[in-house]
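Protein chains: 2
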Amino acid sequence: MMQIARDNQTEFRPHFKTHQSRKVGNWFRMLGVDKIAVSSLSMANYFLEDGWTNITIAFPLNHREIPLLDQLAGKAKIHQTILSPESVLLLEKQLKNRVNIWIKVDTGYRRTGVIWDDFQEMDSIIELLRKSEKLNLQGFLTHAGHTYKARIKEEVEYIFEDSLEKLVKLRDKYKSVLPNLKISYGDTPSCSIIKDLHDIDEIRPGNFVFYDVMQSIVGSCKEYEIAVALACPVVSIHADRKEIVVYAGSVHLSKDSMILHDGTEIFGRIALQEKNGWGNTLPGCYVSSLSQEHGIITVTENVLKKIRIGDLIFILPIHSCLTADLMQGYRLTDGTEIDHMSGSIQKSWH
Amino acid sequence: MMQIARDNQTEFRPHFKTHQSRKVGNWFRMLGVDKIAVSSLSMANYFLEDGWTNITIAFPLNHREIPLLDQLAGKAKIHQTILSPESVLLLEKQLKNRVNIWIKVDTGYRRTGVIWDDFQEMDSIIELLRKSEKLNLQGFLTHAGHTYKARIKEEVEYIFEDSLEKLVKLRDKYKSVLPNLKISYGDTPSCSIIKDLHDIDEIRPGNFVFYDVMQSIVGSCKEYEIAVALACPVVSIHADRKEIVVYAGSVHLSKDSMILHDGTEIFGRIALQEKNGWGNTLPGCYVSSLSQEHGIITVTENVLKKIRIGDLIFILPIHSCLTADLMQGYRLTDGTEIDHMSGSIQKSWH
C-alpha cells in the first residue's frame, strides 16, 4: 500500500481502526509512516501516548467531546472531520488549541457527510472556517464505502471514478479563493484495486493491514492474503449433519456475514492448523451460524474425517476489524501476544 | 423470575452471561441466589473470585481447558456440560478434583448436544460416568434455543412442551438405575412465557436480567421492560432523508438484527433521553444500518424536529448480551459505573 501511495505521489495516512495495536503501529513507523487516521478520540489518545504526532479523527465531530479534542490538540497535530456549520461554531467557541479541519463529503455512499453538490451548506461551512484563526481548513475528505457492495472490480472502478470526479469539481469550485485545498480518500477496495490515484492528495486505507473475507469477495485481495484468523477449539462433532461446533461465537467473531452468489449466508471461511499458522481456506466449508459462544461450521465429508474434538480450527473473519476488536488482543504465529486497544483501555463514555 | 421458580418449586440458577457483572451478580445474591450458570471458564473464574461457589459451565467441555477446569473444581462446586464419551474419558484421565456432570441434550434446536433419542450414544456416556469416581452425573441439561425463532406465544409453548416431553422420556428411561437424575432447562422465552414448569428441576434463564428487542418480539417482555440501552451522541442530521447519524456502530451495539413483519431489517429500537434514563420507544423509528462506528437511525418527521447534534439518543439493543459485552461496562441511571467482565479481564486464549 505504501508503494501504491509512492507511485501516485500521494500522502499515505493508514487508518489504524482495523488493528488498533501500538505494536502493529510500530511496524508502520519502522517503514517511515508518520501520519495516521483513527475513528475516535480515545483511539487518537491511545496512539498519541505511543508517540504519534499527526492524527486525523476520520469520524464526524462529537460535540460532547470537544474538551477532549482540545486536550489532544495541545499535544499533537490533530485533524478533525466536520460536516455542519454548527460544529464549526462550537469548535471556534470552545477550543483553545489549533485544529486542522477536513469537510466530510458524501460522494454517493449516503452514510453521512455534506452532499458534494450541496454548495449552499458547503459555502456556509467554508465561510465560517475562513474567518477562524483556530481552525485550518485542509480540504475535503471522503469515504466511498459503497465500494464494499461491489462484487466485481469494474464496480469499484466506476465508484472510484465517479467519486473522484465529484471531489475534483468541488475542489476546483473553491480554487480561486482557497488554492491549497486537498483531497483525502478512504476505503481499502479502491486503494487496493485502482492503480492510478490521480488527483488524490492523501489515501487513508485501513483494512488492508489484515484484509478479510469481505475484501476477498470485493476483489481487494486473495483469500491467502488474509493475515488474521480466529483460532477456535472444536467442542463437538455432528457427523450425521456434517457440522462441527467450535468455541467461537458472536462475542468472538462478530455477527457480520456475507451472502454468496448461490444465496448461502456465511459468517467466515475455514482453514486447518498448520505448523506456522493456518493453511489454505477449505472449499465447501464455512461458518454457517453463530450464537453467543457457539460457532456452527458446515464441512465436507473429506474435511470431517480430519477433525477431532479439541483440535483448533481457524476462522477467517468476514470483517477483521470487528473480530480484532472483540478479541482484545492478538497472538502472532511465533506465540508472542500483542496489544489491541480494546484489551487495554475501556471504550469511550462521552 | 425468582417467583416463577418458587411457584414451580424448581431450582433457580440464573445464567450470568448476559450481564457478566459482579455488581449485578450481587443484586442476585442479595435476593438469596447461590447457584449460577456461566458460558466459559474465564467467566466461572470471574465470579468464583467474587465468592460464588456453585457454578455450572453451560457450554460443551473445551478439551484444551481441562487443567483450568480442574483448578476451579478445587475451589468451588463446578458443574460441567459434556456431550461425548471422549470428553468423559479425558476428564477421568486428567482431573484431580471432583466435577458434577450434565449431559447436554438436543431436543430439537440442532445446535449441539446428544440428540435426545440417540440412546446408543447416551448409553455409552452414562456407562462411562457410572464407573467414574470423580465425575458425578447430575442429569440432563438442554437449551431450547429454537424458541428465539418464535413470533407468537403459542410457538414457544409448543417448543417447550415438545422439549420437556422428550426430556421426561429420557429421564424415565434411566430411572431404574439412576433414580436421581435431574432436568435443567434454559432459555428466557420459555421461562418468561410458560407459567407451569412441571417436571423441571432447575431453570437457567439469563437474558431476562435486561431483556432486549428480540425478547420483546418473541413475546418474553414488553419494550418498556427492557433494562439496558446504549446512549449515543448524535453527530449528524440528514433531514432530507429523515436519518440521523450517531456515534454508535457495530463495535458498540453488535451487528445483530431482526426482520420485522413488514420485511424491514432493524438493528435496534430508539428512545429519547429523559430525566432518569430514557423514555418509551418511538414508533416508526429504528436503527436502519450500522458500520464500524456509525449508526444510521431512521426517524419520523415529528421525532426529527426534536433532535439536535450533540443530543444523546438511546438505542435499545436487539441482543443485550452482545451490546453489554462490547461496551465493557455499564453506567447506572444514577451515574454510577459498574463492571462487566470484558472490561476487566481479557477473553480466554485457550
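As given, the protein sequences belong to chains F and U, one line each in that order. Counting in the numbering used here, the first sequence tops out at residue 350, every number present. Counting in the numbering used here, the second sequence tops out at residue 700, every number present. Ideal Cβ placement from N, Cα and C applies to all residues, glycine included. As the structure is a prediction and not an experimental result, all values here were calculated from the model.
*Go through its chain and collect everything with a Cβ distance to residue 255/F's Cβ below 8 Å, but skip five positions before and after it.*
267 and 290
*Extent of the continuous beta strand (DSSP E) to which residue 534/U belongs*: 532-535
*asked:* Quick check: the Cα distance between residue 442/U and residue 151/F, rounded to an integer number of angstroms?
replied: 52 Å
*Beta-carbon proximity list for residue 247/F, same chain, < 7 Å, skipping 5 on both sides*: Within the same chain, residue 247/F has close Cβ partners 232, 233, 235 and 293.
*For residue 73/F, which option in 55/F, 126/F and 220/F has the closest C-alpha, if you only look at C-alpha atoms?*
55/F
*Smallest Cα separation from residue 494/U: which of 665/U, 555/U and 410/U?*
Of the candidates 665/U, 555/U and 410/U, the one whose C-alpha sits nearest the C-alpha of residue 494/U is 555/U.
*If you drop the 5 nearest sequence neighbours on each side, which residues of the same chain put their C-beta closer than 7 Å to that of residue 225/F?*
211
*Whose C-alpha, out of 646/U, 551/U and 661/U, is nearest the C-alpha of residue 113/F?*
646/U
*asked:* Any beta carbon from chain U within less than 8 Å of residue 292/F's own beta carbon?
replied: yes
*Cα separation between residue 275/F and residue 331/F?*
15 Å
*Beta-ladder partner(s) of residue 102/F, from DSSP*: Residue pairing by DSSP puts residue 102/F in a beta bridge opposite 81/F and 139/F.
*asked:* Given a cut-off of 8 Å on the beta-carbon distance, is the pair residue 530/U and residue 486/U in contact?
replied: Their beta carbons are not under 8 Å apart, which means residue 530/U does not touch residue 486/U by this criterion.
_Proximal residues to residue 304/F (C-beta, below 8 Å), its chain only, five neighbours per side dropped_ = Result list for residue 304/F: 237, 239, 242 and 244, in chain order.
_Tell me which residues share the same chain as residue 623/U and place their Cβ nearer than 6 Å to its Cβ, disregarding the 5 neighbours each side in the sequence._
662
*Please classify residue 569/U: does DSSP put it in a helix, a strand, or coil?*
coil
_Strictly under 8 Å for the Cβ-Cβ distance: is residue 189/F near chain U by that measure?_
no
*Sort 339/F, 66/F and 80/F by Cα distance to residue 96/F and report the nearest one.*
66/F
*Could you tell me whether the Cβ of residue 310/F comes closer than 8 Å to any Cβ of chain U?*
yes
*For residue 670/U, collect the residues of the same chain with a Cβ closer than 6 Å to its Cβ; drop the 5 residues on either side in sequence, then sort them by chain order.*
560, 562 and 578
_Threshold first: 3 residues or longer. Then list the beta strand (DSSP E) segments lying entirely within the stretch 299-342 of chain F, N to C._
312-317, 329-331 and 337-339
*asked:* Contact criterion: CB-CB distance below 8 Å. Does residue 86/F meet it with respect to chain U?
replied: yes
*asked:* I need the boundaries of the alpha helix (DSSP H) containing residue 133/F, first residue and last residue.
replied: Unbroken run through residue 133/F: none, as it is neither H nor E.
*Residues in the stretch 585-604 of chain U having any Cβ partner in chain F nearer than 9 Å*: For the stretch 585-604 of chain U, residues whose beta-carbon sits nearer than 9 Å to a beta-carbon of chain F comprise 585, 586, 587, 588, 590, 591, 593, 595, 597, 599, 600, 601, 602 and 604.
_Extent of the continuous alpha helix (DSSP H) run through residue 354/U_ = 352-357
_Checking 8 Å against the spacing of the C-beta atoms, do residue 83/F and residue 116/F come in under that value?_
no
*State yes or no: is the beta carbon of residue 15/F nearer than 8 Å to at least one beta carbon in chain B?*
Among the chains of the structure shown, chain B does not appear; the protein chains present are F and U.
*Which class does residue 466/U belong to by DSSP, given the choice of helix, strand or coil?*
coil
*To the nearest angstrom, report how far apart residue 508/U and residue 543/U are at their CA atoms.*
11 Å
*Using the rule of at least 16 other Cβ atoms within 10 Å of the residue's Cβ for burial, across every protein chain shown, is residue 215/F buried or exposed?*
Residue 215/F comes out buried.
*Where residue 250/F and residue 676/U are concerned, what is the direct C-alpha to C-alpha distance, given to the nearest angstrom?*
11 Å
*Does the beta carbon of residue 269/F sit closer than 8 Å to a beta carbon anywhere in chain U?*
no
*asked:* Quick check: what's the CA-CA separation for residue 278/F versus residue 333/F?
replied: Approximately 9 Å, taken between the alpha carbons.
*residue 609/U burial status per 10 Å Cβ neighbour count (16 or more: buried)*: exposed
*Take residue 533/U as the anchor and find which of 513/U, 478/U and 428/U has the nearest alpha-carbon.*
513/U
*With DSSP run on the structure shown, which of helix, strand or coil describes residue 378/U?*
Helix, per DSSP.
*Residues that residue 671/U contacts on chain F, provided the C-beta gap is smaller than 7 Å*: Here the neighbours are 292.
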